[in-house]
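K.L.:
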Amino acid sequence: MFAIVLVGGFGTRLRPLTEHVPKQMLPICGVPMIEWVVGHLADHGVEKVGLAMGYRPDAFLEAYPNEHIATTPYQVAVESEPLGTAGAIRFAVEQFQLTETFLVLNGDVLTDLDVRALVEFHRDVQAEATIALQPVDDPSSFGVVTTDNRGRVEAFIEKPEKGSAPSNNINAGTYVLEPSAVEQIPQGRPVSVERETFPELAAKGTLYALPSATYWLDTGTPRQFIQANLDMLNGKRKQLPDLPDAEIDPKSLITQSVIGNGSEVEAGAVIDKSVLLDGCRIGANSEILGSVLSEDVYVGQGARLDGCVIGQGQRIQPGEVLMNESRPEAGSA
Numbered sequence: 068m069f070a071i072v073l074v075g076g077f078g079t080r081l082r083p084l085t086e087h088v089p090k091q092m093l094p095i096c097g098v099p100m101i102e103w104v105v106g107h108l109a110d111h112g113v114e115k116v117g118l119a120m121g122y123r124p125d126a127f128l129e130a131y132p133n134e135h136i137a138t139t140p141y142q143v144a145v146e147s148e149p150l151g152t153a154g155a156i157r158f159a160v161e162q163f164q165l166t167e168t169f170l171v172l173n174g175d176v177l178t179d180l181d182v183r184a185l186v187e188f189h190r191d192v193q194a195e196a197t198i199a200l201q202p203v204d205d206p207s208s209f210g211v212v213t214t215d216n217r218g219r220v221e222a223f224i225e226k227p228e229k230g231s232a233p234s235n236n237i238n239a240g241t242y243v244l245e246p247s248a249v250e251q252i253p254q255g256r257p258v259s260v261e262r263e264t265f266p267e268l269a270a271k272g273t274l275y276a277l278p279s280a281t282y283w284l285d286t287g288t289p290r291q292f293i294q295a296n297l298d299m300l301n302g303k304r305k306q307l308p309d310l311p312d313a314e315i316d317p318k319s320l321i322t323q324s325v326i327g328n329g330s331e332v333e334a335g336a337v338i339d340k341s342v343l344l345d346g347c348r349i350g351a352n353s354e355i356l357g358s359v360l361s362e363d364v365y366v367g368q369g370a371r372l373d374g375c376v377i378g379q380g381q382r383i384q385p386g387e388v389l390m391n392e393s394r395p396e397a398g399s400a
């Protein structure tokens with residue numbers, strides 16, 4: 068089966084980490100997020116993927132020049148301008164010349180979803196489109212879906228107000244689509260699959276959904292990006308990575324954190340619930356709490372960061388204290 072992975076977003080919620088790379092190229096325990104996504108698809112019988120690109124396609128092409136992500140072959144469809152989620156799907160389908168049932172995934176979601184079961188359900192009910200559903204505590208930031216007892220979607224409500232959602236089952240960002248569903252997506256303008264395409268298919272009675280209570284995480288914010296790394300460390304994912312190498316003084320204290328390759332942590336430093344990308348230098352007796360540091364960040368002796376996102380190459384001065392701050396990469400205006 069073929070899968071389209073949507074990777075064209077700007078990743079604005081993750082700035083400054085995404086100033087020069089798509090969020091799917093950010094590392095989760097040292098491995099680019101896209102490799103976790105594609106690896107899961109390959110485990111469920113996907114033989115080839117197509118990346119629907121927009122922002123910084125060169126980052127993918129340079130990282131995977133042999134047209135494979137890990138062992139899975141891939142193709143690319145690069146938008147010249149943003150087309151929306153549905154527009155991106157239609158553009159990719161045309162570029163890849165797809166004529167059979169295919170998968171679509173949001174490339175910033177990590178999940179252990181049983182993709183084969185979703186495809187089987189889609190075929191059993193003869194749907195034009197099928198959505199994977201995930202229960203969440205607060206559905207107000209997502210597309211909420213209600214179904215009848217056969218799984219036919221009765222309502223698709225994008226980001227309802229807090230307390231008003233008729234269900235806690237949300238659109239989990241994995242779909243099975245028929246080419247006939249794509250033909251209904253308008254051309255020549257940006258189109259949202261969540262706000263336009265799915266409600267239209269629901270009105271026709273050809274949109275279905277399948278609930279699944281499995282591991283699922285939207286990685287689109289710094290807090291969620293940290294959580295993705297911690298989940299890997301804690302074994303909440305079925306796949307466990309080899310952790311990166313770093314120079315860590317035995318007199319430092321590191322808990323629930325990921326330290327990137329080539330990083331150095333000096334004596335007395337405390338790092339908790341944080342992610343440090345490659346090449347960071349953490350001075351003695353400094354504290355890094357609930358923060359994300361991009362590549363080559365220097366934190367001086369005795370500095371303290373709490374809830375911060377620090378861009379590439381930044382220097383935090385000795386003794387400096389930052390709380391809930393975001394700093395762009397060094398040299399940015």
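First residue of the sequence shown: 68, per the numbering used here; consecutive thereafter.
Each residue gets a CB set at the ideal place from its N, CA and C atoms; glycine is no exception.
What is the rounded straight-line gap between the Cα of V116 and the Cα of V105?
P.N.:
The alpha-carbon atoms of V116 and V105 are separated by roughly 8 Å.
K.L.:
Tell me whether E392 is buried or exposed, calling it buried when 16 or more other Cβ atoms sit within 10 Å of its Cβ.
P.N.:
It counts as exposed.
K.L.:
Short check: CB of Q384 to CB of V364, under 8 Å?
P.N.:
No, Cβ-Cβ distance for Q384 and V364 is not below 8 Å.
K.L.:
So for H87, helix, strand or coil by DSSP?
P.N.:
H87 falls in the coil class under three-state DSSP.
K.L.:
Does the beta-carbon of G386 have 16 or more other beta-carbons within 10 angstroms, so that it is buried, or is it exposed?
P.N.:
Classification of G386: exposed, given that the 10 Å Cβ count is below 16.
K.L.:
Taking the alpha-carbon positions, what's the V192 to K340 distance?
P.N.:
Looking at the two C-alpha atoms, the distance is approximately 44 Å.
K.L.:
What is the residue span of the alpha helix (DSSP H) that A109 lies within?
P.N.:
Here the alpha helix (DSSP H) through A109 covers 100-110.
K.L.:
Quick check for students: name the residue ranges of the beta strand (DSSP E) that lie wholly in the segment 350-376, counting only runs of 3 or more.
P.N.:
The segment 350-376 contains these whole beta strand (DSSP E) runs: 354-356, 371-373.
K.L.:
Who are the near neighbours of M92 in its chain, counting only those whose CB is closer than 6 Å to its CB and skipping five residues on each side?
P.N.:
Answer for M92: P99, A126, listed in chain order.
K.L.:
Is the distance from the Cβ of G350 to the Cβ of G329 below 8 Å?
P.N.:
Not in contact: G350 and G329 (Cβ atoms no closer than 8 Å).
K.L.:
Straight-line CA distance for S234 to T281?
P.N.:
Near 17 Å, if we compare the C-alpha coordinates of T281 and S234.
K.L.:
In whole angstroms, give me the CA-to-CA distance for P253 and G154.
P.N.:
Answer to the nearest angstrom: the Cα atoms are 8 Å apart.
K.L.:
Can you look up G255 in the DSSP assignment and give me helix, strand or coil?
P.N.:
G255: coil per DSSP, three-state reduction.
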